[in-house]
Structure formats: C-alpha cells, structure tokens
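**Q** The sequence shown begins at 0 in numbering that gives the first Met the number 0 and counts up by one.
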Amino acid sequence: MLEDQSCLVSKDCQRESNWVACMNGKEPLANYQERELVKCKLQNKSDAFNRVEVALSLGNSSASPNEQAGNKRHAGDNSDSSSLIHAIGRDNSIGCLIHCSRSDYGAIASLNRSFRSLIRSGELYKLRRENGVVEHWVYFSCQLVEWEAFDPSRGRWMHLPAMTPDECFVLADKESLAVGTELLVFGKEIFSHVIYCYSLLTNTWSSGMRMNVPRCLFGSASIGEIGILAGGCDSQGNILSSAELYNSEAGTWKSLPSMNKPRKMCSGVFMDGKFYVIGGIGGAESKRLSCGEEYDLEKGTWREIPNMSPVKANAARNDMPATSDAPPLVAVVDNELYAADYADMEVRKYDKQNKAWVTIGRLPERAASMYGWGLAFRACGNRLIVIGGPKGGAEYIEVNSWVPREGPIQWDLLGRKRYGSFVYNCAVMGC
0 MLEDQSCLVS
10 KDCQRESNWV
20 ACMNGKEPLA
30 NYQERELVKC
40 KLQNKSDAFN
50 RVEVALSLGN
60 SSASPNEQAG
70 NKRHAGDNSD
80 SSSLIHAIGR
90 DNSIGCLIHC
100 SRSDYGAIAS
110 LNRSFRSLIR
120 SGELYKLRRE
130 NGVVEHWVYF
140 SCQLVEWEAF
150 DPSRGRWMHL
160 PAMTPDECFV
170 LADKESLAVG
180 TELLVFGKEI
190 FSHVIYCYSL
200 LTNTWSSGMR
210 MNVPRCLFGS
220 ASIGEIGILA
230 GGCDSQGNIL
240 SSAELYNSEA
250 GTWKSLPSMN
260 KPRKMCSGVF
270 MDGKFYVIGG
280 IGGAESKRLS
290 CGEEYDLEKG
300 TWREIPNMSP
310 VKANAARNDM
320 PATSDAPPLV
330 AVVDNELYAA
340 DYADMEVRKY
350 DKQNKAWVTI
360 GRLPERAASM
370 YGWGLAFRAC
380 GNRLIVIGGP
390 KGGAEYIEVN
400 SWVPREGPIQ
410 WDLLGRKRYG
420 SFVYNCAVMG
430 C
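1. Taking just the CA atoms, how far does residue 235 sit from residue 412?
2. Who pairs with residue 251 in a beta bridge, going by DSSP?
3. Hey, is the segment 204-211 in contact with the segment 235-251, meaning 3+ C-beta pairs nearer than 8 Å?
4. Whether or not the segment 168-175 and the segment 92-99 are in contact is what I'm after, with contact meaning three or more pairs of Cβ atoms, one per stretch, closer than 8 Å; do they touch?
5. How would you label residue 120, buried or exposed, when you count the other beta carbons within 10 angstroms and need 16 or more for buried?
6. Assign residue 229 to one of three DSSP states: helix, strand, or coil.
7. Quick test of the definition: if touching needs 3 or more C-beta pairs under 8 Å, does the segment 300-311 touch the segment 345-359?
8. Quick one: is residue 362 buried, meaning 16 or more other Cβ sit within 10 Å of its Cβ, or exposed?
9. Just to confirm my understanding: we take residue 215, look at its own chain, exclude 5 residues before and 5 after, and list those with CB closer than 7 Å. What are they?
10. Return the residue from the list 342, 331, 113, 343 that minimises the CA-CA distance to residue 350.
11. Starting from the C-beta of residue 300, find all residues in its chain whose C-beta is less than 8 Å away, skip the five residues before and the five after it, and write them out in chain order.
12. Counting only beta-carbon atoms, is residue 135 nearer than 7 Å to chain B?
13. By DSSP, does residue 169 sit in helix, in strand, or in coil?
14. Which residue or residues does DSSP assign as beta-bridge partners of residue 350?
15. Keeping to the same chain, check which residues put their C-beta closer than 6 Å to that of residue 418; ignore five residues upstream and five downstream.
16. Compare the Cα-Cα distances from residue 348 to each of 341, 342, 337 and report the closest residue.
17. In terms of alpha-carbon separation, which member of 111, 423, 380, 263 lies closest to residue 402?
18. Looking at C-alpha atoms only, which residue of 430, 405, 394, 409 is the closest neighbour of residue 416?
19. I need the straight-line Cα distance from residue 164 to residue 422, nearest angstrom please.
20. Go ahead and label residue 131 buried or exposed: buried means 16 or more other beta carbons lie within 10 angstroms of its beta carbon, across all protein chains shown.
21. Can you give the Cα-Cα distance for residue 200 and residue 180, rounded to whole angstroms?
22. Select from 426, 384, 390, 222 the residue whose C-alpha is nearest the C-alpha of residue 152.
23. Could you give the DSSP three-state label for residue 104: helix, strand or coil?
24. Tell me the residue span of the beta strand (DSSP E) that contains residue 411.
25. Strictly by DSSP, which residues pair up with residue 85?
26. Using CA coordinates, which residue listed in 399, 364, 339 is at the minimum distance from residue 371?
27. In terms of residues, what are the limits of the beta strand (DSSP E) holding residue 383?
28. Which residues does DSSP pair with residue 185 in a beta bridge?
29. Have a look at 242, 117, 320, 368 and flag the residue whose alpha-carbon is nearest the alpha-carbon of residue 258.
30. Do residue 326 and residue 254 have their C-beta atoms closer together than 7 Å?
31. What residue range does the alpha helix (DSSP H) around residue 126 cover?
32. Could you round the C-beta distance between residue 182 and residue 426 to whole angstroms and report it? I think they count as a contact, below 8 Å.
33. Using the three-state DSSP reduction, which class does residue 405 fall into: helix, strand or coil?
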C-alpha cells in the first residue's frame, strides 16, 4: 500500500539491497537474528504476505548451486518483471500478491524494481477487482487541505502528502470522490473550477484534469473504476441537471443524459446496480426536493422516485435558508439504503417496497454536527461508518462502525485521533 510513505522507494541503499538479496536468493536467511530483523520490518503482515515469504524461502532452498551462483552474479539487476518469485512463477506470484493486504504493498514495492513496477502499474489492483478482492479505506479531511487515511480492518492511520493549492481553493467549498485508485477533490481556484487527484499508485497529488461541465455542490458515487457526478452548480451559480461518468482507468469523462430535475446539494449512491441522486435543492425558488432519481446504466435513462429524500417534512426551519442544511447523509450497505438524521441523532433505513423511511436506531453519542455539516456518514464495505467529534472544542475525531448484517445497531469505536472534530470532506476507496 503506497500510502505508507516510509515503505516507498527507500533512500537507504543498504536497506534496499538487503531486501533485494532476500528476493533474489543471494543469501538465505541463515540465522535467527536476520529473521528477527525481517519480522521487525514487516510487522502486522497479512496471511497472504506470509505465504509470499514462504514462497521466497522455498525459492532459496530449492535453487541449485548453479542457479544460486547465477543469482549472485545478477543480484544487481532487478528489472526483470517476468519472474517475481522464481520458485512459483509470475502468475502464481501475482495470485499470492493480490491477496495481500494493500497495507503491505509499500513494503513489497521496496523489495526491488520488479515488485515496485508491478504495484505502480496498477495491474495488481485491476486483478484484485476482477477476483473480488477489495479493501475499503476511509479518506477524510479535518484541516481544509490535509488528508488522513484510515484502515478500519487494522485500525491504522496514515497521513497523505500535502496538497499545494492556491488560497482560493483552500477556502472554497469542496467535494470529494474516490474512484478506482484515485481520490478526487473538486474545488475552485480564482478563475476556474479545478480537480486535485491523489494517486494511490504513486502517493502523489496532481491537478489538471477537467470534466465536461465544471461544477460544484453535486451528488456523486463510485463503483469500481467508474464514478458518476450529477447536478450541482456551474461557475455562474446556475443549478444543473446534467451528469457525467468518469472512468479512472481510461482517465475519461463521458456526458450522460440529463436528470428530470436540476438540483444542487444532493447526494449520490449506487444500489442494485443503478445510480441514485437523492434530495437536494432545486426549482425557481431553490426549495428542498423530496424526490430522488434513478439512473439505469444499461438503458441510459432516468426515473423519478417520489419521497426518496430522508429529510423529514417537518424538519425544515423556516427561519433558515434551505442551503443551511447539509446534503442528505446517506449510504448503501449490502444494497440497503441508510440515512443519518443529525437533528434527532437517529439512523433510518429506506423501505424499498413501501418507499418509506423507518427509524432503526441511534447515531453514536459523540457524533456532533452543525446542521449535518462536519459529520461523515459512509458505507465502507459491509460496514456503516460514522466519523465525527464531540461539541465543546474537543480536538479529536472518532471512527465508529456498525455491520448491519450482524444485527441491531451497536456502534464499535474503531479509532480516535487528535485531528480536529469537524469533517470537511470524506470518501471511501475500495480497491
């Protein structure tokens, strides 16, 4: 996993040469002290990583004297990507690697140039997706342009490299979406909209990509290597009905048919193989919309669904504009739609058959927000994740999790970190 910067291309030549020696059979791990050193370097390895290490050991022990001599002569040449683990061949090597945790990919990339090239090419992540191997990590920002990543399975935190935007982007409203191995952050610079892209493969930020119709305050969601953005506002403040599909592997934007109604500050989810836009603000008077819309990717058509927004009819505050409330806090787990009601601190579930929302439990007690702003409610694999902090100036954030298939709501605290208590943006990357 390349978020772990300490495991990227090492500047310590001696350290990398030790890994190269291990990978190419220069010297087997001949004594206890050397094995303990490797264990120290690879703490918290996945079971698949252990299988890789066993394969490496087998490769060393099964090599003939002539092969070992050849390995010694060519130890400095690590560019051959056709034989990753000699004892089991390339295909079996990749079969092992796709089942490693992506937390381990940084360490694997530091072994030699062959492994590093394989991981940076994105081939492993594509094969993982094809084989149904997916890990979901949460990426969020509590410091305007600083981003953290959290692995809910291991309870591990990582700090992403710093972004370098201008002051206008720092202070502007931003949206975020994780697609494939990319984290996209949408904002505005002085003269135009801009997209910053964090690449999991290179652990770097870049900018320069442009969608067909630049926008902000849109609804969005992703599945695999594609993401859909719908609605929002253009640079003149006009509310949009248009939509676009982004393919992270091809790096392309494709215009989709327009929705039935223009809307901004809406939310998006994928459910049952279709894309949904929920709630938002629209119409001549910029009022809250209670309907949702369903986009059928196969037919290329939109269908309006009445009363799909989880916002209660009596929740509107007449003394405040509609834009004072956050977009609907919704998430889909196991093709079931859930919503966070920040006002009553409740979790609600959408009854597809009756097209109605039903209260099923409470939010975590310390999940405070300001009219829904500052609170993250996301699907993370088979979990519902709530990220937020308490009121009262406490500068820490909590990650709480519930797995719906395990029974009634019971929140588990997965992690806590001193990092501010207001979540500006949040996205989940599954790859």
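Note that the Cβ used here is the ideal one computed from N, Cα and C, for glycine as well.
**A** On the basis of the coordinates in this document:
1. Roughly 43 Å separates the two Cα atoms.
2. Its beta-bridge partners are 246.
3. Touching, yes.
4. Taking 8 Å as the limit for Cβ pairs, the verdict is that the segment 168-175 does not touch the segment 92-99.
5. Looking at its Cβ environment, which holds fewer than 16 other Cβ atoms inside 10 Å, residue 120 is exposed.
6. Strand at residue 229.
7. Output reads yes: the segment 345-359 touches the segment 300-311.
8. The residue in question, residue 362, is buried, as its Cβ has 16 or more Cβ neighbours within 10 Å.
9. These residues qualify, in order along the chain: 172, 174, 185, 187, 192, 231, 232.
10. When the alpha-carbon of residue 350 is set against those of 342, 331, 113, 343, the nearest one is in 331.
11. Non-local beta-carbon contacts of residue 300 in its own chain, meaning distances under 8 Å to residues more than five positions away in sequence, involve 256, 294 in chain order.
12. Among the chains in the structure shown there is no chain B, since it carries only a single protein chain.
13. Residue 169 carries a helical assignment under DSSP once its states are collapsed to helix, strand and coil.
14. According to DSSP, residue 350 bridges with 355.
15. Once the five neighbours on either side are set aside, the close Cβ partners of residue 418 are 141, 396.
16. Taking residue 348 as reference, the option from 341, 342, 337 with the minimal CA-CA separation is 337.
17. Considering only alpha carbons, the answer is 380.
18. The residue with the shortest Cα to Cα distance from residue 416 is 394.
19. Their backbone Cα atoms lie some 19 Å apart in a straight line.
20. Per the 10 Å Cβ criterion, exposed.
21. Rounded to whole angstroms, the separation of the alpha carbons of residue 180 and residue 200 is 7 Å.
22. Comparing Cα-Cα distances from residue 152 to each of 426, 384, 390, 222, the minimum goes to 384.
23. Collapsing the DSSP output to three states places residue 104 in a helix.
24. 411-416 is the span of the beta strand (DSSP E), which, as asked, contains residue 411.
25. Answer by DSSP bridge pairing: none, since residue 85 is not bridged.
26. Residue 339 is the option with its Cα nearest to residue 371.
27. 382-387 is the extent of the beta strand (DSSP E) around residue 383.
28. Beta-bridge pairing links residue 185 to 174, 194.
29. The shortest CA-to-CA distance from residue 258 to any of 242, 117, 320, 368 is the one to 242.
30. No, Cβ-Cβ distance for residue 326 and residue 254 is not below 7 Å.
31. 122-129 is the extent of the alpha helix (DSSP H) around residue 126.
32. Taking C-beta atoms under 8 Å as the contact rule, residue 182 and residue 426 qualify, at a distance of about 6 Å.
33. When DSSP states are grouped into helix, strand and coil, residue 405 belongs to the helix group.
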